[in-house]
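So the structure is just underneath, and the comments pick up after that.
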Amino acid sequence: MSVINCMLKDLDKRQQSHDLENLNVAPVQYQAKPVSKLPWILLAIVSVLLLYGIANSWQAWSNSQVEQVKVVAVGRPSSSNLNLVDSDVKPVGPLAAENITKPAIQPDTATKSTSVLVTPVAPKPSSMAVTEVHVSNEQLALRRYRLATEAENRGLLSDAIVYYGEALALTPVMHKARRKLAALYYGKGRLDSASNILIKGMALFPEEYAYLFLLARVQQASGDIQLAMSSLEQIPDESLLAKQKWTMQSSLAQKSENYQLAEESYRKLLRIEAGQARWWMGLGYALDSQLEYDSAKQAYRQALSVDGLSKQANAYIENRLVQLGESE
């Protein structure tokens, strides 16, 4: 504008004598300096970046608001069947800041604008408690006894001996284990071991007369007849083993030529079993050996009158009666 003013002033000075209305003044035209577009481009870029940042911030804030309404259960569900409420969370669009309120958790309301995912809270995981279980010696002994019988049934006699021994070590009062152990030792020819286990049993339980009877059998197998008879004498006649005692005692007495003891044993047997022909024959033989022939003949005749003897035994008695009759 200053250039134009200078030009006008110059014209005024040069043409002061001319009439302004008659002067044809050509319009002065000028070309304005072109304005650069770079600032506008930069402004547009900055604006786009600013809007993008605002949009990202708004989206992040919206997502955080949605996550606050989720109730997440920690842990796995219990074994019972639980019904889960499956509902999708609707995306939250851009809202005015003043219109946003914190949503309340309403697990039972299905008509809210924002669906809520409700998962059941799993029960606390059960903790493993290690408790000490006390097992008595009797229970342990029974387990060993079962193992022993199973091994014995399978023919594993050595294993059975070990298990029976362990059962007795735990519970010495287990008489059946002691008897079986002694029988296994006896069957394997270990007579000393069988004798020792029975003697220990008698020392612990003096009234367990089965140990005495088994010990007498072991002693008989060892060839010690007198010791076996001594063991039998300790069994009272009132015992349930009285019959077994008298039967074995009569046999041992005859072998040892103790005919008086044999006579006593047979008479006791006849008190409980008068119909046994073998007892009558045994009594007759004991009396015959003591030279009591009349009593012996009566016993022999009684034996023949009762069934139960073999042909060989009958022949012997008949032959002996003939001999006794001839001696008269």
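Numbering (this note's numbering), first residue to last: 27 to 354. Cβ atoms here follow ideal geometry from the backbone N, Cα and C, with glycine treated the same way. Small disclaimer: the values here were computed from a predicted structure and weren't measured.
Can you round the beta-carbon distance between I223 and L207 to whole angstroms, since I take them to be within the 8 Å contact cut?
-> Along the sequence shown, read from residue 1 onward, the residue named residue 223 stands at position 197. Along the sequence shown, read from residue 1 onward, the residue named residue 207 stands at position 181. At roughly 6 Å, the Cβ-Cβ gap stays under 8 Å, so I223 and L207 are in contact.
Going by C-alpha distance, which of G213, M200, N340 is nearest R169?
-> Within the sequence shown, numbered from 1, the residue matching residue 169 stands at position 143. That would be M200, whose Cα lies nearest to the Cα of R169.
Can you tell me which of D185, L267, M274 puts its alpha carbon nearest to the alpha carbon of A254?
-> Counted from its first residue, the sequence shown places residue 254 at position 228. Selected option, being the one with the closest Cα: M274.
What number of angstroms, rounded off, separates the C-alpha of L210 from the C-alpha of L295?
-> Here residue 210 is taken as the residue at index 184 of the sequence shown, counted from 1. Here residue 295 is taken as the residue at index 269 of the sequence shown, counted from 1. Whole-angstrom Cα-Cα distance: 30 Å.
Classification of D171 by the beta-carbon crowding that lies within 10 angstroms, buried from 16 upward | Here residue 171 corresponds to residue number 145 of the sequence shown, with the count starting at 1. Here residue 171 turns out to be Tyr, not Asp, going by the sequence shown. Answer is buried; the Cβ neighbour count reaches 16.
Three-state secondary structure assigned by DSSP to A312 | Here residue 312 corresponds to residue number 286 of the sequence shown, with the count starting at 1. Looking at A312 - three-state DSSP - the assignment turns out to be helix.
Report back the beta-carbon spacing between A303 and A322 to the nearest angstrom; my notes put them in contact at under 8 Å.
-> Counting from 1 along the sequence shown, the entry for residue 303 is found at position 277. Counting from 1 along the sequence shown, the entry for residue 322 is found at position 296. Not confirmed; about 15 Å, so no contact.
Mark P133 as exposed unless 16 or more other C-beta atoms lie within 10 angstroms of its C-beta, in which case mark it buried.
-> The count along the sequence shown starts at 1 and reaches residue 133 at position 107. With a pLDDT of 43 at P133, under the threshold of 50, the modelled position of that residue is not reliable, and the figure given next carries that caveat. By the neighbour-count rule (16 or more Cβ atoms within 10 Å), P133 is not buried but exposed.
So, K281 versus I261, is the Cβ gap smaller than 8 Å?
-> Here residue 281 is taken as the residue at index 255 of the sequence shown, counted from 1. Here residue 261 is taken as the residue at index 235 of the sequence shown, counted from 1. Their beta carbons are not under 8 Å apart, which means K281 does not touch I261 by this criterion.
Leaving aside the five residues before and after L230 along the sequence, list all residues of the same chain whose C-beta is less than 7 Å from its C-beta, in chain order.
-> What you label residue 230 is simply residue 204 of the sequence shown in a count that begins at 1. Same-chain partners within the cutoff: P198.
Three-state secondary structure assigned by DSSP to M228 = In the sequence shown, residue 228 corresponds to position 202, counting from 1. Reduced to three states, the DSSP call for M228 is helix.
Using the Cα positions of Q165 and K269, report the straight-line distance between them to the nearest angstrom.
-> The residue labelled residue 165 in the question sits at position 139 within the sequence shown. The residue labelled residue 269 in the question sits at position 243 within the sequence shown. Taking the straight line joining both Cα atoms gives about 35 Å.
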